[in-house]
Amino acid sequence: MKRSEIQLLVVEAIQQVAPEIELADIQPDSEIRDECDLDSMDLLNYLIALKKLTGVNIAETDYPKVNSLNKMCHYLELKM
Numbered sequence: 691m692k693r694s695e696i697q698l699l700v701v702e703a704i705q706q707v708a709p710e711i712e713l714a715d716i717q718p719d720s721e722i723r724d725e726c727d728l729d730s731m732d733l734l735n736y737l738i739a740l741k742k743l744t745g746v747n748i749a750e751t752d753y754p755k756v757n758s759l760n761k762m763c764h765y766l767e768l769k770m
């Protein structure tokens, strides 16, 4: 899967908890929680949605590795 396709899946997962967010609203290297104004529950729901879309389970210990759009895309590239 291409990085651009993965990026769209990440945005789709974000939109399930923050429907107003568009790809253009997210700085690729900024913290997703801050960029999308996600609280703890939103973050968990986002990760659950991402698992449903990609089949990749993200361990809690890996959360620091996936806290930005670029980091998440890189992580998913390696796992998919």
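Take any residue in the sequence shown, note its place counting from 1, add 690, and you have its number in the numbering used here.
We treat Cβ as the ideally placed atom computed from N, Cα and C, and that holds for glycine.
It should be emphasised that the depicted structure is a prediction, and the values quoted were computed from it without experimental measurement.
Three or more pairs of CB atoms, one per stretch, sit closer than 8 Å, so the segment 732-740 contacts the segment 697-706.
Collapsing the DSSP output to three states places residue 721 in a strand. Sequence-distant Cβ neighbours of residue 757 in its own chain, meaning closer than 8 Å and more than five residues away, are 721, 722, 723. For a cut-off of 8 Å, the C-beta gap from residue 760 to residue 719 is around 5 Å, short enough to register as a contact. By the neighbour-count definition (other C-beta atoms within 10 Å, threshold 16), residue 762 is a buried residue.
Beta-bridge annotation (DSSP): residue 758 is paired with 721.
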